[in-house]
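Residue numbers (numbering that gives the first Met the number 0), protein chains in the order written: chain A, 0 to 387; chain B, 0 to 387.
Idealized CB from N, CA, C, for every residue including glycine.
Just so we're clear, the structure is a prediction, and the values are computed from it rather than from any experiment.
For reference, the structure discussed in these notes is given below.
There are 2 protein chains.
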Amino acid sequence: MDFRLIQTCPDSKARAGELITPHGVVPTPVFLPVGSQATVKTLTPEELKDIGISMVLANAYHLYLRPGISVIEKMGGLHQFMAWDGAIVTDSGGYQIFSLAPLSQVSDEGVVFRSHIDGSRHFITPELAIRFQEALGADIIMALDECPASDAGFEEVWAAVKRTHQWALRCQRAHRRDDQALCAIVQGGVFPELRRQSVECLTSLGFAGYAIGGLSLGEPKEVTQAMVEETVALLPEDKPRYLMGVGSPEDLLEAVSMGIDIFDSALPTRVARNGALFIRLGRVNISNSVYSRMEQPVAPDCDCYTCKTFSAAYLHHLFRCQELLAYRLATIHNLSFIINLMSKVRVAILNDTFSSFKGSFLKDYKPANEQARLNQKQRWLQARKHRE
Amino acid sequence: MDFRLIQTCPDSKARAGELITPHGVVPTPVFLPVGSQATVKTLTPEELKDIGISMVLANAYHLYLRPGISVIEKMGGLHQFMAWDGAIVTDSGGYQIFSLAPLSQVSDEGVVFRSHIDGSRHFITPELAIRFQEALGADIIMALDECPASDAGFEEVWAAVKRTHQWALRCQRAHRRDDQALCAIVQGGVFPELRRQSVECLTSLGFAGYAIGGLSLGEPKEVTQAMVEETVALLPEDKPRYLMGVGSPEDLLEAVSMGIDIFDSALPTRVARNGALFIRLGRVNISNSVYSRMEQPVAPDCDCYTCKTFSAAYLHHLFRCQELLAYRLATIHNLSFIINLMSKVRVAILNDTFSSFKGSFLKDYKPANEQARLNQKQRWLQARKHRE
Numbered sequence: 000m001d002f003r004l005i006q007t008c009p010d011s012k013a014r015a016g017e018l019i020t021p022h023g024v025v026p027t028p029v030f031l032p033v034g035s036q037a038t039v040k041t042l043t044p045e046e047l048k049d050i051g052i053s054m055v056l057a058n059a060y061h062l063y064l065r066p067g068i069s070v071i072e073k074m075g076g077l078h079q080f081m082a083w084d085g086a087i088v089t090d091s092g093g094y095q096i097f098s099l100a101p102l103s104q105v106s107d108e109g110v111v112f113r114s115h116i117d118g119s120r121h122f123i124t125p126e127l128a129i130r131f132q133e134a135l136g137a138d139i140i141m142a143l144d145e146c147p148a149s150d151a152g153f154e155e156v157w158a159a160v161k162r163t164h165q166w167a168l169r170c171q172r173a174h175r176r177d178d179q180a181l182c183a184i185v186q187g188g189v190f191p192e193l194r195r196q197s198v199e200c201l202t203s204l205g206f207a208g209y210a211i212g213g214l215s216l217g218e219p220k221e222v223t224q225a226m227v228e229e230t231v232a233l234l235p236e237d238k239p240r241y242l243m244g245v246g247s248p249e250d251l252l253e254a255v256s257m258g259i260d261i262f263d264s265a266l267p268t269r270v271a272r273n274g275a276l277f278i279r280l281g282r283v284n285i286s287n288s289v290y291s292r293m294e295q296p297v298a299p300d301c302d303c304y305t306c307k308t309f310s311a312a313y314l315h316h317l318f319r320c321q322e323l324l325a326y327r328l329a330t331i332h333n334l335s336f337i338i339n340l341m342s343k344v345r346v347a348i349l350n351d352t353f354s355s356f357k358g359s360f361l362k363d364y365k366p367a368n369e370q371a372r373l374n375q376k377q378r379w380l381q382a383r384k385h386r387e
Numbered sequence: 000m001d002f003r004l005i006q007t008c009p010d011s012k013a014r015a016g017e018l019i020t021p022h023g024v025v026p027t028p029v030f031l032p033v034g035s036q037a038t039v040k041t042l043t044p045e046e047l048k049d050i051g052i053s054m055v056l057a058n059a060y061h062l063y064l065r066p067g068i069s070v071i072e073k074m075g076g077l078h079q080f081m082a083w084d085g086a087i088v089t090d091s092g093g094y095q096i097f098s099l100a101p102l103s104q105v106s107d108e109g110v111v112f113r114s115h116i117d118g119s120r121h122f123i124t125p126e127l128a129i130r131f132q133e134a135l136g137a138d139i140i141m142a143l144d145e146c147p148a149s150d151a152g153f154e155e156v157w158a159a160v161k162r163t164h165q166w167a168l169r170c171q172r173a174h175r176r177d178d179q180a181l182c183a184i185v186q187g188g189v190f191p192e193l194r195r196q197s198v199e200c201l202t203s204l205g206f207a208g209y210a211i212g213g214l215s216l217g218e219p220k221e222v223t224q225a226m227v228e229e230t231v232a233l234l235p236e237d238k239p240r241y242l243m244g245v246g247s248p249e250d251l252l253e254a255v256s257m258g259i260d261i262f263d264s265a266l267p268t269r270v271a272r273n274g275a276l277f278i279r280l281g282r283v284n285i286s287n288s289v290y291s292r293m294e295q296p297v298a299p300d301c302d303c304y305t306c307k308t309f310s311a312a313y314l315h316h317l318f319r320c321q322e323l324l325a326y327r328l329a330t331i332h333n334l335s336f337i338i339n340l341m342s343k344v345r346v347a348i349l350n351d352t353f354s355s356f357k358g359s360f361l362k363d364y365k366p367a368n369e370q371a372r373l374n375q376k377q378r379w380l381q382a383r384k385h386r387e
């Protein structure tokens, strides 16, 4: 993988570039929809292409449990298994093991964890995380990291930073396939000093890119942003920067302005299945009775398949009847909204108009209430098993 | 609507023809997928077209309850509401009122029933059934009928036949839109004499076509077939004949050979969502572990999107993970199988090879076990509320 930096915003840290991968050129900043189980929920690969998606995120933890790495290897790898010829990133599964699997026990050697599906016992090491991701064959793979909870104290986070460093080194040594780019994940919780330590360790080893992990886990938004800003300032200019787990329009714009190139989040697809749709003014719920007789599409200025084809009243009806088509049409709309937003962001950076674009977008867009957002996130983190 | 009879099989009653509707020419024999709530579950209109579907069935009872007839009328009718420019049949809702709605009370005037969704009380008359269907705007609409249970006795069925006759007359008088073809529904349960009476009454009134209702409700298959045979023999040659609720491959072939032109059934789409897929040899379940590592598609000779794009192992994986894409891919496959079957049937009739085609198909195709089928049907009839 090659990363080419094309333009930097004169009055923010925003940057436009491109990732050259074995499965196509990915313009950055880029948002990756989440396809943990080798499917972006409800959609076919053709629909992803139509929406303008160039890269998706899959998850080694989920795929290791189901269908099993050897099944996908036998099918010729993940691209062929899910019939997706665009680029793929696989997460190593560190975050999922620590957040989804009950009773995980970490040691320097690796992690013992129990499957969140059937309780079966498994052991993963950095070397195995690489072996699995090499078998899956994604374009970008991630080192195994230890991801402490958002309320972990300094000592616990410090230990995780050190272990993440050792594991990153072992991943690097285990990594053989040179058609796959190995990226490391910066940890350090909400402690600037530990973030700095983590960056220094990892950059000294030299990876193809750097992800910022351990954020958006329920901490206040200002803390997230402060940590991102601190971390990005220490990362090398010439490597892509990936902020994991961020996907609301307002958060994307802020993080782009701090110099992030890559994002993933289940948020746009997850809230879509609950009927929450992005429009220019904020997030609306299609189940609201105001839509029951609305002839226009939910977003009249949107050119996604859903808005071009169906009235808001039809979408409202499908949600009310819990028709499966509802979840699909809403997913198409929300992903289109985010992809279009990122595309406009990139054009603005290239035209040196990013700051005014961001200001004008955020002036009209009303984010979800912060306290509601935190409560929702907490509920979700607790209940998310099996979701995505 | 115009019905043109093109060819009759020399050694069975099978016939090939076409229905000329305001929304396209529909070659017969034809199978209609069920889209009770203005959506064929999981699929978009484009996918229906790609599969080769020319006509779908919607349901006035379901649409009356949700979203309400006036909503669809305001949206410009059902075609526009669901963005389907092919032909549509609406069922009057008689069958649904008698099978889904609790505590329905029938009188000569009409039926009082409670919504199966919220228990609210409603009253429908033959005139209202027509008014609603005119507002929906389907190409073919059905007279309101009284549909007794499969175990109803002679007297009860006889009363229903008489009332269905009176109601058909009132529907005919109430019917105004001459771009919609009004068809009547033959009742008579499992009593040949009552079937004959019902046909005589209805044909004396003269409808655009005749449906055979009140069958496939859990009675043995031989009884269904005997009733169909008796009824068809009495129906006019020059009008289309519609057997309601039949959709398994073996039943379709038998009924075609008896002279039926139109079919609908939720079976292919419903069983698809349970992972039961039609292949040349019968019905298989993709959840079976035999598929867990199968690189070929579930039906290697099938040219549907699902089989052309994905391995059986991938589909198996999606079902195991209860991924929403699973239901969609399985629906595409099963509808394609049935549509392709009907297309081959039609070609065979046109080529005077129908009997050998039927024999050769049924020689290889192993139908679902009859007792299992009956039990399954009974379970489904009891539990089907909300399904489709």
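Residues bridged to residue i (per DSSP)
i, result
"K365(A)", "G281(A)"
"I123(A)", "V110(A)"
"Y209(A)", "A183(A) and R240(A)"
"D150(B)", "Note: D150(B) sits in no beta bridge, so no partner."
"S264(B)", "P32(B)"
"P9(B)", "DSSP, once it has assigned bridges, lists no residue as partnering P9(B)."
"S1(A)", "As written in the sequence, residue 1(A) is Asp, which differs from the Ser given in the question. Note: D1(A) sits in a beta bridge opposite I19(A)."
"A86(B)", "M54(B)"
"M141(A)", "C182(A)"
"T223(B)", "In the DSSP output, where bridge partners are listed per residue, T223(B) has none listed."
Proximity test, Cβ basis, 8 Å: residue i and chain B
i, result
"R372(A)", "no"
"K459(A)", "Nothing can be reported for residue 459(A), as the shown portion of chain A is limited to 0 through 387."
"T308(A)", "yes"
"E294(A)", "yes"
Interface flag, residue i vs chain A, CB-CB below 8 Å
i, result
"E229(B)", "no"
"A13(B)", "no"
"V297(B)", "no"
"F80(B)", "yes"
"T124(B)", "no"
"T202(B)", "no"
"K384(B)", "A caution first: K384(B) carries a pLDDT of 45, below 50, which makes its placement in the model too unreliable to give a value."
Residues that residue i contacts on chain A, provided the C-beta gap is smaller than 9 Å
i, result
"Q132(B)", "Within 9 Å Cβ-Cβ: nothing; Q132(B) doesn't reach chain A, min ~18 Å."
"L266(B)", "Per Cβ cutoff of 9 Å: no residues; L266(B) is ~17 Å from chain A at best."
"Y326(B)", "L323"
Cβ neighbour criterion (16 or more within 10 Å) applied to residue i
i, result
"I19(B)", "exposed"
"D117(B)", "exposed"
"T305(A)", "buried"
"V70(B)", "buried"
"I5(A)", "exposed"
"P147(B)", "buried"
"Q370(A)", "exposed"
"N333(A)", "buried"
"D300(B)", "exposed"
"G213(A)", "buried"
"P101(B)", "exposed"
"N374(A)", "exposed"
"R240(B)", "buried"
Contact set between residue i and chain B, taken where Cβ atoms lie within less than 7 Å
i, result
"R65(A)", "H316, R319 and C320"
Partners in chain B for residue i, counting only beta-carbon separations shorter than 8 Å
i, result
"A37(A)", "Y313 and H316"
Proximal chain B residues relative to residue i, where beta-carbon distance stays under 9 Å
i, result
"S291(A)", "P66, G67 and V70"
Contact set between residue i and chain A, taken where Cβ atoms lie within less than 8 Å
i, result
"L388(B)", "Within the shown structure, residues of chain B are numbered from 0 to 387, placing residue 388(B) beyond reach of any answer."
Which ranges would you report for the beta strand (DSSP E) in the region 276-345 of chain B if only whole runs of at least 3 residues count?
If you keep only unbroken beta strand (DSSP E) runs of at least 3 residues inside the region 276-345 of chain B, you get 281-284.
Could you list the residues in the region 345-367 of chain B with a C-beta less than 9 Å from some C-beta on chain D, going in chain order?
Checking the listed chains, one finds no chain D in this structure; the protein chains it contains are A and B.
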